[in-house]
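**Q**
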Amino acid sequence: MSSSWEGPDWGGRRRGAGRRRVALRRLVPHRRRPERAHWQPLHLTTRIVAGLPELREPRAQRVLLTKLREGSARFGFRLIEYSVQSTHFHLLVEVPNRVALTRGAKGLFVRLAKALNKLWGRKGRVFADRFHAAAKSTRRAVRNALVYVLHNARKHGRLGRELDPFSSSPWFDGYRSGRARGPLAGLAQAPPLQREPRAPFSAPARGASRSLDCLGVEALRALPRVTRPARSWLLSRGWRSLGLIDPDEGPSMHELEAWMRPGWRRVRAVPQVRIAPQVRMAPQIRGKAQVRGEPAAS
């Protein structure tokens, strides 16, 4: 006895199929990354798992400086600029091809994850997702990326007009001369950490005193540079034809001053949304839609 079944089959690509997404944010698709051109700088962004300690604190600063320096030039991957925020990283890098990007970024993030887990005394996942990579192919795009990465703390309300000690700003040479601001208030006199051979920024041992201060901009300038000089034309010289970067660039200053004003709270405007009338389908015998509250046409 044979039967012919003409209904839909299970499986296959269809809307809503597959494992449900558990993350609150949109994940980076797990696809093969496109080939990269050596002359295009890349802006990498990656976020840590929710619930982990904040990255912008003194002990983490010292650990991150060491690991960023160690992984700044491997497999053709070169770290040019960076900034560390409370929950995520921004990196500007140069790579000759896709393989160098994959190997170099993986090595750097593995170093960071192991060091942070050791610092926090835990095991497990540190980064929430794959890193996002955006190529910058014009002079304007590269200049905007530099401002965005170096001054990203202002976007989050963590910094005023000063340079960010949790970024590569202390070693950046593209600021307008005579306009650079001084180091952060209260951090200029922070003494550099007493270094040991091969571990210049090692975290204190368990049980040791943890009353450390963040290293300020002047203290960081006295230390070996973390990043590498740019080699691509766009990132080394091209963007400079549009003008050097003002240390005050970033979010509009009136918004920043309002953010820092005591008692001020940001209010996001709620857009006007037009609500369409609720429609329910009438039985097929009628053949027409019926608006709730109105009799169906006969």
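Count the sequence shown with numbering that gives the first Met the number 0 and you get residues 0 to 297, in order. C-beta: ideal position from N, C-alpha, C; glycine also.
Once DSSP output is grouped into helix, strand and coil, what is the label at residue 107?
**A** Your numbering for residue 107 matches position 108 in the sequence shown. Three-state result, residue 107: helix.
**Q** Which class does residue 46 belong to by DSSP, given the choice of helix, strand or coil?
**A** The sequence position of residue 46 within the sequence shown is 47, counting from 1. In the structure shown, residue 46 sits in a strand (DSSP, three-state: E or B).
**Q** Given a cut-off of 9 Å on the beta-carbon distance, is the pair residue 87 and residue 46 in contact?
**A** By 1-based counting over the sequence shown, the position of residue 87 is 88. By 1-based counting over the sequence shown, the position of residue 46 is 47. Against a cut-off of 9 Å, the Cβ pair of residue 46 and residue 87 comes out as a contact.
**Q** When we look at the beta-carbon of residue 232 and count the other beta-carbons within 10 Å, is it buried (16 or more) or exposed?
**A** The count along the sequence shown starts at 1 and reaches residue 232 at position 233. Flag for residue 232 reads exposed.
**Q** Taking buried to mean at least 16 other C-beta atoms within 10 Å of its own C-beta, is residue 182 buried or exposed?
**A** Numbered from its first residue, the sequence shown carries residue 182 at position 183. Any answer about residue 182 is weak, because its pLDDT of 35 lies below 50 and its placement is not dependable; what the coordinates show is given next. Label assigned to residue 182: buried.
**Q** With the cut-off set at 9 Å, would you say residue 73 and residue 107 are in Cβ contact?
**A** Start at 1 with the first residue of the sequence shown, and residue 73 comes out as number 74. Start at 1 with the first residue of the sequence shown, and residue 107 comes out as number 108. For residue 73 and residue 107, yes; Cβs fall inside 9 Å.
**Q** Quick one: grab the DSSP three-state call for residue 221.
**A** For the purposes of this step, residue 221 is taken as residue 222 along the sequence shown, with counting starting at 1. Coil at residue 221, not helix or strand.
**Q** Which residues mark the beginning and the end of the alpha helix (DSSP H) in which residue 62 is found?
**A** In the sequence shown, residue 62 corresponds to position 63, counting from 1. Here the alpha helix (DSSP H) through residue 62 covers 57-69.
**Q** Taking Cβ positions, are residue 100 and residue 94 nearer each other than 9 Å?
**A** The residue you call residue 100 lines up with position 101 of the sequence shown. The residue you call residue 94 lines up with position 95 of the sequence shown. In contact: residue 100 and residue 94 (Cβ atoms closer than 9 Å).
**Q** Which same chain residues, not among the five before or five after residue 240, have their C-beta less than 8 Å away from its C-beta?
**A** Indexing the sequence shown from 1 puts residue 240 at position 241. Around residue 240: 138.
**Q** Per DSSP, residue 77 forms a beta bridge with which residues?
**A** One-based indexing of the sequence shown puts residue 77 at position 78. DSSP, once it has assigned bridges, lists 72 and 93 as partnering residue 77.
**Q** Note down the Cα distance separating residue 274 from residue 111, rounded to an integer number of angstroms.
**A** Counting from one through the sequence shown, the residue named residue 274 turns up at place 275. Counting from one through the sequence shown, the residue named residue 111 turns up at place 112. At residue 274 the pLDDT is 42, less than 50, meaning the model places this residue with poor confidence and gives no usable figure here.
**Q** Considering only residues of the same chain and omitting the five flanking positions on each side of residue 118, which have a CB-CB separation below 7 Å?
**A** For the purposes of this step, residue 118 is identified with residue 119 of the sequence shown, where counting begins at 1. These residues qualify, in order along the chain: 58, 59, 62 and 202.
**Q** Using a Cβ-Cβ cutoff of less than 6 Å, which residues in the same chain neighbour residue 168 once the five nearest sequence positions on both sides are dropped?
**A** One-based indexing of the sequence shown puts residue 168 at position 169. The answer, listed in chain order, is 149 and 162.
**Q** Please report the straight-line C-alpha distance between residue 146 and residue 133, rounded to a whole angstrom.
**A** Here residue 146 corresponds to residue number 147 of the sequence shown, with the count starting at 1. Here residue 133 corresponds to residue number 134 of the sequence shown, with the count starting at 1. Each residue's alpha carbon lies about 15 Å from the other.
**Q** On the premise that residue 141 lies in contact with residue 237, defined as a C-beta separation below 8 Å, what is that separation, rounded to the nearest angstrom?
**A** For this step, residue 237 is matched to residue 238 along the sequence shown. For this step, residue 141 is matched to residue 142 along the sequence shown. Correct: roughly 7 Å between the Cβ atoms.
**Q** Hey, out of 83, 91 and 157, whose CA is closest to residue 228's CA?
**A** Translated into positions along the sequence shown, residue 228 becomes position 229. When each option's Cα is compared against that of residue 228, the closest is 91.
**Q** Which of the three DSSP states is assigned to residue 214 in this structure?
**A** Position 215 of the sequence shown, counted from the start, is the residue given in the question as residue 214. Reduced to three states, the DSSP call for residue 214 is coil.
**Q** Answer yes or no: do residue 68 and residue 103 have a C-beta to C-beta separation smaller than 9 Å?
**A** Reading the sequence shown from its first residue, position 69 is the one you call residue 68. Reading the sequence shown from its first residue, position 104 is the one you call residue 103. Not closer than 9 Å, so no.
**Q** Measure the C-alpha to C-alpha separation of residue 158 and residue 98 and round it to an integer number of angstroms.
**A** Residue numbering aside, residue 158 sits at position 159 when the sequence shown is read from its first letter. Residue numbering aside, residue 98 sits at position 99 when the sequence shown is read from its first letter. The alpha-carbon atoms of residue 158 and residue 98 are separated by roughly 36 Å.
**Q** Rounded to whole angstroms, what is the Cα-Cα separation between residue 174 and residue 36?
**A** Position 175 of the sequence shown, counting from 1, holds the residue named residue 174. Position 37 of the sequence shown, counting from 1, holds the residue named residue 36. In a straight line, the C-alpha of residue 174 is about 27 Å away from that of residue 36.
**Q** Look at the alpha carbon of residue 11 and the alpha carbon of residue 75, and state the distance between them as a whole number of angstroms.
**A** Here residue 11 corresponds to residue number 12 of the sequence shown, with the count starting at 1. Here residue 75 corresponds to residue number 76 of the sequence shown, with the count starting at 1. Taking the straight line joining both Cα atoms gives about 40 Å.
**Q** Ordered along the chain, which non-local residues of its own chain (more than five positions away) have a Cβ less than 6 Å from that of residue 299?
**A** The chain is shown only over 0 to 297; residue 299 falls outside these bounds and no answer can be derived.
**Q** In its own chain, which residues sit with a C-beta less than 7 Å from the C-beta of residue 15, not counting the 5 before and 5 after it?
**A** Reading the sequence shown from its first residue, position 16 is the one you call residue 15. Cβ neighbours of residue 15 beyond the five flanking positions: none.
**Q** Identify, in the order they occur along the chain, each residue of the same chain with its Cβ nearer than 7 Å to the Cβ of residue 365, setting aside the five sequence neighbours on each side.
**A** This structure does not reach residue 365, given that the chain is present from 0 up to 297, and the question cannot be answered.
**Q** Output the boundary residues of the beta strand (DSSP E) element that contains residue 152.
**A** In the sequence shown, residue 152 corresponds to position 153, counting from 1. Taken as a continuous stretch (DSSP letters only), residue 152 belongs to no beta strand (DSSP E), being part of the alpha helix (DSSP H) at 151-154.
**Q** Among 41, 84 and 223, which one has its Cα closest to the Cα of residue 96?
**A** Position 97 of the sequence shown holds residue 96. Answer by Cα proximity: 41.
**Q** Per the DSSP calculation, residue 174 is bridged to which residue(s)?
**A** For the purposes of this step, residue 174 is taken as the residue at position 175 of the sequence shown. For residue 174, which the question treats as bridged, DSSP gives the partners 244.
**Q** Compare the C-alpha of residue 244 against each of 156, 144 and 79 and name the closest.
**A** Start at 1 with the first residue of the sequence shown, and residue 244 comes out as number 245. For the residues 156, 144 and 79, the minimum Cα distance to residue 244 belongs to 144.
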